[in-house]
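These notes are about the structure you will find just below.
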Amino acid sequence: MLNSYTYLYQRNGVYYFRLRVRQSNNDRMTSVSLRTKDRRTAMAHSRHIKAALKAIHADNPKASYEDMRKHLRDIAEWELSTGRSDLFEPDMRDIYRDQYGELGENLTDALASEPLSIDQHRYINEALKVLKACMKRIEAGDSQSLIDYVDRFDDIDRQDDQASASPIC
Numbered sequence: 000m001l002n003s004y005t006y007l008y009q010r011n012g013v014y015y016f017r018l019r020v021r022q023s024n025n026d027r028m029t030s031v032s033l034r035t036k037d038r039r040t041a042m043a044h045s046r047h048i049k050a051a052l053k054a055i056h057a058d059n060p061k062a063s064y065e066d067m068r069k070h071l072r073d074i075a076e077w078e079l080s081t082g083r084s085d086l087f088e089p090d091m092r093d094i095y096r097d098q099y100g101e102l103g104e105n106l107t108d109a110l111a112s113e114p115l116s117i118d119q120h121r122y123i124n125e126a127l128k129v130l131k132a133c134m135k136r137i138e139a140g141d142s143q144s145l146i147d148y149v150d151r152f153d154d155i156d157r158q159d160d161q162a163s164a165s166p167i168c
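So for the sequence shown, numbering that gives the first Met the number 0 puts the first residue at 0; every next one is plus one.
This is the structure in structure tokens:
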């Protein structure tokens, strides 16, 4: 079981976010500058980093890569099936773009600052690509990247079905 502690500290007036992970007899620490001197802003940044990991189910270091990817496929399918009739209202396109952009920035910060497993790194990089595809759908109406992503899952599922159905000699 990993015991992790996060806290904020100041150095030369600038706030930093530190994560300390305790394992049996090994402590690891990671720090990242939050580039602010305002405590409230620093606290908000640290909450956003943690929330971004949780939003895409990358906050569990023991989760398998395939389990995390299934959730990412659900996100891609949800984005494809969601109607966006409000895109034509003033500023709505910018709001959606900002939401996906902020999540992407927080995930990038997590890649830089959090002690993640190799599978979590793979998954978060894949999630960033899906977020870019979601933004492309909203900005340009181009959903092909999302369709290709979902189709890759279907191809893998079909290959698995064929492999299990073929006789083993």
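A virtual CB, placed ideally from N, CA and C, is assigned to each residue, including glycine.
DSSP beta-bridge partners of residue i
{"i": "Leu-7", "result": "Phe-16"}
Cβ-based neighbour list, residue i, same chain, cut-off 6 Å, excluding 5 preceding and 5 following
{"i": "Arg-10", "result": "none"}
{"i": "His-44", "result": "Leu-33"}
Sequence-distant residues of the same chain with beta carbon closer than 8 Å to residue i, five excluded per side
{"i": "Arg-72", "result": "Tyr-148, Val-149, Phe-152"}
{"i": "Glu-125", "result": "Arg-68, Leu-71"}
{"i": "Arg-92", "result": "Leu-86, Ile-137, Glu-138"}
{"i": "Ala-50", "result": "Asn-105"}
Under 8 Å between C-beta atoms of residue i and residue j
{"i": "Thr-29", "j": "Ser-112", "result": "yes"}
{"i": "Arg-17", "j": "Thr-35", "result": "no"}
{"i": "Leu-127", "j": "Leu-145", "result": "no"}
{"i": "Arg-83", "j": "Ile-137", "result": "yes"}
{"i": "Met-42", "j": "Arg-96", "result": "no"}
{"i": "Val-129", "j": "Ile-94", "result": "no"}
{"i": "Leu-102", "j": "Ser-142", "result": "no"}
Residue-chain proximity (residue i, chain B), Cβ-Cβ < 8 Å
{"i": "Asn-24", "result": "The chain inventory of the structure shown lacks chain B, comprising one protein chain alone."}
Extent of the continuous beta strand (DSSP E) to which residue i belongs
{"i": "Arg-27", "result": "25-32"}
Other residues of its chain near residue i: CB distance less than 7 Å, five sequence neighbours each side excluded
{"i": "Tyr-8", "result": "Tyr-15, Arg-17"}
{"i": "Asp-183", "result": "Only positions 0 to 168 of the chain appear in this structure, which leaves residue 183 out of reach."}
Exercise. At what residue ranges does the region 70-129 contain a whole run of the alpha helix (DSSP H), taking only runs of 4 or more?
Worked result: 91-112
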